[in-house]
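Asks: Pasting a structure below so you can have a look.
Shown next, in the form of structure tokens:
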């Protein structure tokens, strides 16, 4: 009897346990990262760029990525969502995968498949189609060239001359704007300014067929309606024939120098440079010179302005509007050791700082050009004197320095090119067939430089997506010749502008003086 009771009790206990087990909440195992897609872009003969959307982890675990090219592990522990595949073979089919891993070892993956381009696409020899020397008997220096809708070009800079190609001079140094046709012939030219000094640092054709001119001015007469003190930002709107529509001076009682300007998506304008003022149109100053950005409407009225910087010198040299309608700035910032670091900053559409990045080593490093690229990242060009920190190497004195950032400002790669003397990138732009075109100044005869015509030359670099040199050419004579601006032409060639000093036999027609505008068409 006792045995029977025990059996019944044991059975009841087991039955109760099963019911309790059935009522327990089942906790799922740690899950894999979410699905994602991979895209291959910017395919060249020896490289390609992988982009993928972030794999969202359901458990909020940290996700990193591993790249496989075939069965070979190309990169591990990536936290970004893009990766440049390099040192590939031309006309080769590559397959691979991106694996997303969470901190618990769970994974998800997606594959990619692409064929690299032919070598012949990138073996095109560069040739000079035409070249023009423009100016008079005094100093005339070109700083910016842009392609226009009619296939011609607009050039801006400064002029001290009143002869040769220059029809008038308002006093001292003027802004000089020249419109060329597609063969480099002058369509019209105009001088702008007053009795002081004016210089154009930026010019662009506007959507109405006219032009926006970004300059600085020390005048308060002639074409300049007012001056706030010393040198001001001076912004001028021209019609399609080069006639003045409106102009405005912005700044305070100290120096305010405009370095870059462009028309914005809404038909207004953004200009960037630096300001030492804390009055007038400038609401504050953080110390020394600050990077200063101004936003104008289509009529030139000020919408907002903002200062960026610290107690030292901080300069914005280049500005571009971003795909989210904000702005990307590049220039330099002063360090505690009284050196310069390359500086890049992202602003939102209202001028508020989103992020900033300081890059460089123990010596002077500066950005001079920035552009948002098709992958939504940024290409930055300038120079570096360093061989440590973020700078991989230095070949002597200052090297041309090329930097690729992702959309969040994280460094993807950097590269220095140059020789034992001095090189600097004055402008770098993405080109339609992939990669970049850059105009530099060089005074080297060695290293990456294939030749030098004497003193300082224009140095034109065609680069692939990883900044490897596809081709290069030097332009100049025995004197100092500075290339400042480059643009891809409608025929996929290139137009480059700058200033040359000396009588170069091949420089083309035009008056010659101490310095002249020099415009070269390449194919």
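In full-length UniProt numbering, the protein residues as written are 1 to 523. We put the beta carbon where it would ideally sit given N, CA and C, even for glycine.
1) Could you give the first and the last residue of the continuous beta strand (DSSP E) run that contains residue 443?
2) Closer than 7 Å by C-beta to residue 245: which residues in its own chain qualify, once you throw out the five before and the five after it? Chain order, please.
3) Rounded to the nearest angstrom, what separates residue 275 and residue 434 at their Cα positions?
4) Under the three-state reduction of DSSP, which class applies to residue 320: helix, strand or coil?
5) Could you tell me if residue 355 is buried or exposed, where buried requires 16 or more neighbouring beta carbons within 10 angstroms of its beta carbon?
6) By the three-class DSSP mapping on this structure, what secondary structure does residue 142 have?
7) If I'm right that residue 176 touches residue 242 with Cβ under 8 Å, what's the distance once you round it to whole angstroms?
8) Evaluate residue 367 with the Cβ neighbour count: other Cβ atoms within 10 Å of its Cβ, from every protein chain shown; 16 or more gives buried, anything less gives exposed.
9) Along the chain, where does the beta strand (DSSP E) that runs through residue 273 open and close?
10) Give every residue of the same chain whose Cβ lies closer than 6 Å to the Cβ of residue 155, excluding the five residues on either side of it in the sequence, and list them in chain order.
11) Could you pull the start and end residues of the beta strand (DSSP E) that residue 543 belongs to?
12) Taking the beta strand (DSSP E) that residue 433 falls in, what are its first and last residues?
13) If we count Cβ pairs, one from each stretch, closer than 8 Å, do we get three or more for the stretch 104–115 versus the stretch 447–460?
14) On the CB-based measure, 16 or more other CB atoms within 10 Å of its CB, does residue 58 come out buried or exposed?
15) Could you please give me the residues that DSSP links to residue 212 through a beta bridge?
16) For the structure I just gave you, are there three or more beta carbon pairs, one from the stretch 200–220 and one from the stretch 126–141, closer than 8 Å?
17) Thinking just about the alpha-carbon of each residue, which of 375, 362 and 373 is nearest to the one in residue 392?
18) Does the stretch 415–425 come close enough to the stretch 449–466 to have 3 or more Cβ pairs within less than 8 Å?
19) So, are the CB atoms of residue 273 and residue 296 less than 8 Å apart?
20) Name the DSSP beta bridge partners of residue 39, please?
21) With DSSP as the reference, label residue 162 as helix, strand or coil.
22) Could you tell me the distance, in whole angstroms, from the CA atom of residue 484 to the CA atom of residue 63?
23) Could you please give me the residues that DSSP links to residue 173 through a beta bridge?
24) Can you tell me where the beta strand (DSSP E) holding residue 192 begins and where it ends?
25) So, for residue 443: in the same chain, excluding its five sequence neighbours on each side, which residues have a beta-carbon less than 6 Å away from its beta-carbon?
26) According to DSSP, is residue 449 part of a helix, a strand, or is it coil?
27) Give me the residue from 289, 91 and 294 with the minimum Cα distance to residue 313.
28) Do you know offhand how far residue 350's Cα is from residue 250's?
29) Along the beta strand (DSSP E) that carries residue 248, what are the first and last residues, could you check?
30) Based on the DSSP output, what are the partners of residue 516 in its beta bridges?
31) Output the boundary residues of the beta strand (DSSP E) element that contains residue 380.
32) Assess contact between the stretch 61–75 and the stretch 87–96, defined as three or more Cβ pairs (one per stretch) separated by less than 8 Å. Is contact present?
33) Have a look at residue 165 and residue 133 and give me their C-alpha separation to the nearest angstrom.
34) Whole angstroms are fine: how far does the CA of residue 182 sit from the CA of residue 254?
35) Where does residue 77 sit, in a helix, a strand or coil, going by DSSP?
36) Identify, in the order they occur along the chain, each residue of the same chain with its Cβ nearer than 8 Å to the Cβ of residue 287, setting aside the five sequence neighbours on each side.
Replies: In this structure, then:
1) Taken as a continuous stretch (DSSP letters only), residue 443 belongs to no beta strand (DSSP E), as it is neither H nor E.
2) Contacts found: 210, 237, 238 and 239.
3) Near 36 Å, if we compare the C-alpha coordinates of residue 434 and residue 275.
4) In the three-state DSSP reduction, residue 320 falls in the strand class (E or B).
5) exposed
6) strand
7) No, residue 176 and residue 242 are not in contact; Cβ-Cβ is about 11 Å, not under 8 Å.
8) By the 16-neighbour rule on beta-carbons within 10 angstroms, residue 367 is buried.
9) 269–275
10) Contacts found: 142, 145, 178 and 497.
11) The structure shown has nothing for residue 543, since the chain only spans 1 to 523.
12) From DSSP, residue 433 is part of no beta strand (DSSP E); its letter is neither H nor E.
13) Taking 8 Å as the limit for Cβ pairs, the verdict is that the stretch 447–460 does not touch the stretch 104–115.
14) exposed
15) Checking the DSSP bridge columns, you'll see residue 212 partnered with 204 and 237.
16) Taking 8 Å as the limit for Cβ pairs, the verdict is that the stretch 126–141 does not touch the stretch 200–220.
17) 362
18) yes
19) no
20) 51
21) Three-state DSSP puts residue 162 in coil, outside helix and strand.
22) 43 Å
23) 197
24) 186–192
25) Sequence-distant partners of residue 443 (beyond 5 residues in either direction) whose C-beta falls short of 6 Å from its own C-beta, in its chain, are 421, 422 and 456.
26) coil
27) 289
28) Answer to the nearest angstrom: the Cα atoms are 19 Å apart.
29) 244–250
30) 500
31) 378–384
32) yes
33) 10 Å
34) Answer to the nearest angstrom: the Cα atoms are 41 Å apart.
35) strand
36) 309, 310, 311 and 312
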